[in-house]
Amino acid sequence: MTVLKLHIDCTNPLTKEVYGNYSNWKLFCILRRYLEPRKRTLSMKEAVTLIYKILMPEVPGKPIEYPVKVFGFVILSVARQVPYFHTSQDRLVRLLEQLHQFIELDLTNKLETETLHLVLESVVRAAREIYNEPSKSLSLEYLNLTSFFARLASSGILGSSWAVITMRDVLEQEIPKETDSYNYHIAEAALWIHHYGTCLYYAMCHSPLRKSRRMEEKFRAGSLYNGSAFSVERWNFWRDAFALAVKGGNLNGESRELALNALLLMDEIAAAGVMEAR
């Protein structure tokens, strides 16, 4: 297994500044003890309990403003360091999923629920800032984040539009193939299929009864695809785009393997969907 050694910028004066029970350093130390295999001294239950304690206000009132703003950025700074294939990615997602379930199952009082809503919204907001960045840096760290976002979507914390936008930008537009960015883009789309493929197929096969302008904009097609936004036809278009990428000679070994696995998985998902429909 790849050695995982997480770090945080200790030169930033805000890292160890304390707000109530919270500091970025405290959150990072909990995550490190939970995620690093060599330092894994916390179970998920223990990690969630500790995070819960540092997030909640010491006295009744409003949620502390700073933690609910920066929580997401600390989470993503850690997520980008965890390789996309590493088991600790799942561990981090399960931790956030647990906080999400506290809200879904109504296990918290009003103030606690509001605090958890705000910290999870900060994760989504931080993710959106990275995903929508026009000049985002394509790198292994970005693939790590892509994998993390796809896993978050599979847990219900992010929506299906994230996957569709990625497929459109990568597979429905012209991208120069003789570049490193082409490899990263194909790998990015493949990771979404790997972690969110079944949910994405379902979304494509079931057109919403009501479509808002915002939804139509998010699910709009790219320049290379002329079919319906919600259809098996679009799924098959993506599948064929992966097939062309695999057959071409422009992918490196890692990206080609991810694309091939995505291609095979798409066939399996579609076949299972057809059988279920019968």
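Read in UniProt numbering, the sequence shown has 176 at position 176, and its numbers run on one by one without any break.
For glycine and all other residues, C-beta sits at the position ideal for the given N, C-alpha and C.
Three-pair Cβ contact test at 8 Å for the segment 19-33 versus the segment 43-51: yes
CB contact flag (M167, A189, <8 Å): Start at 1 with the first residue of the sequence shown, and residue 167 comes out as number 167. Start at 1 with the first residue of the sequence shown, and residue 189 comes out as number 189. Against a cut-off of 8 Å, the Cβ pair of A189 and M167 comes out as a contact.
Close-in-space but distant-in-sequence residues of the same chain around R91 (CB under 8 Å, 5 per side omitted): Counted from its first residue, the sequence shown places residue 91 at position 91. Once the five neighbours on either side are set aside, the close Cβ partners of R91 are Y34, L35, M44.
Proximal residues to G227 (C-beta, below 8 Å), its chain only, five neighbours per side dropped: Translated into positions along the sequence shown, residue 227 becomes position 227. The beta carbon of G227 sits closer than 8 Å to the beta carbons of A221, E233, R234, F237 from its chain, once the five residues preceding and following it are set aside; these are given in chain order.
Close beta carbons around K177, own chain, < 7 Å, minus the five adjacent residues each side: Here residue 177 corresponds to residue number 177 of the sequence shown, with the count starting at 1. The residues are G248, N250.
Per DSSP, cross-strand counterpart(s) of Y184: Position 184 of the sequence shown holds residue 184. None; Y184 has no bridge partner.
Counterpart residues of Y22 in DSSP-defined beta bridges: Locating residue 22 in the sequence shown gives position 22, counting from the first residue. DSSP, once it has assigned bridges, lists Y19 as partnering Y22.
Where F85 falls: helix, strand or coil (DSSP): Numbered from its first residue, the sequence shown carries residue 85 at position 85. Residue state, collapsed to three classes: coil.
Residue burial classification, A241 (beta-carbon count within 10 angstroms, cutoff 16): Numbered from 1 along the sequence shown, position 241 holds the residue referred to as residue 241. Label assigned to A241: buried.
A203 - DSSP class collapsed to helix/strand/coil: Locating residue 203 in the sequence shown gives position 203, counting from the first residue. Here A203 sits in helix by DSSP.
Per-residue DSSP class, three states only, for residue 282: Residue numbering for the chain in the displayed model covers 1 to 278; residue 282 lies beyond these limits and cannot be assessed.
Pair within 8 Å by beta-carbon distance, F71 and S122: Mapped onto the sequence shown, residue 71 falls at position 71. Mapped onto the sequence shown, residue 122 falls at position 122. The answer is yes: Cβ separation under 8 Å.
Option nearest T113 by Cα separation, candidates G20, M56, E97: As a working note, residue 113 is residue 113 in the sequence shown. If we check each option's Cα against that of T113, M56 comes out closest.
DSSP state of H195 mapped onto helix, strand, coil: In the sequence shown, residue 195 corresponds to position 195, counting from 1. For H195, the secondary structure class from DSSP, reduced to helix, strand or coil, is helix.
Test item: CB-CB of L145 and R80 under 8 Å: As a first step, residue 145 must be located in the sequence shown, where it is residue number 145. As a first step, residue 80 must be located in the sequence shown, where it is residue number 80. Going by C-beta atoms, L145 is nearer than 8 Å to R80.
Distance CB(L120)-CB(L96) smaller than 8 Å: For the purposes of this step, residue 120 is taken as the residue at position 120 of the sequence shown. For the purposes of this step, residue 96 is taken as the residue at position 96 of the sequence shown. Yes, they are a contact pair.
Nearest residue (CA-CA) to Y84, options F73, N12, W192: Taking the sequence shown and counting its residues from 1, one reaches residue 84 at position 84. With distances taken between Cα atoms, Y84 lies closest to W192.
Status (buried if at least 16 other CB within 10 Å, exposed otherwise) for K5: Working through the sequence shown from its first residue, we reach residue 5 at position 5. Answer is exposed; the Cβ neighbour count stays below 16.
Neighbourhood of A259 by C-beta, 6 Å cutoff - its chain only, sequence neighbours within 5 removed: The residue labelled residue 259 in the question sits at position 259 within the sequence shown. Taken in chain order, the residues that qualify are I186, A190, F242, A245, V246.
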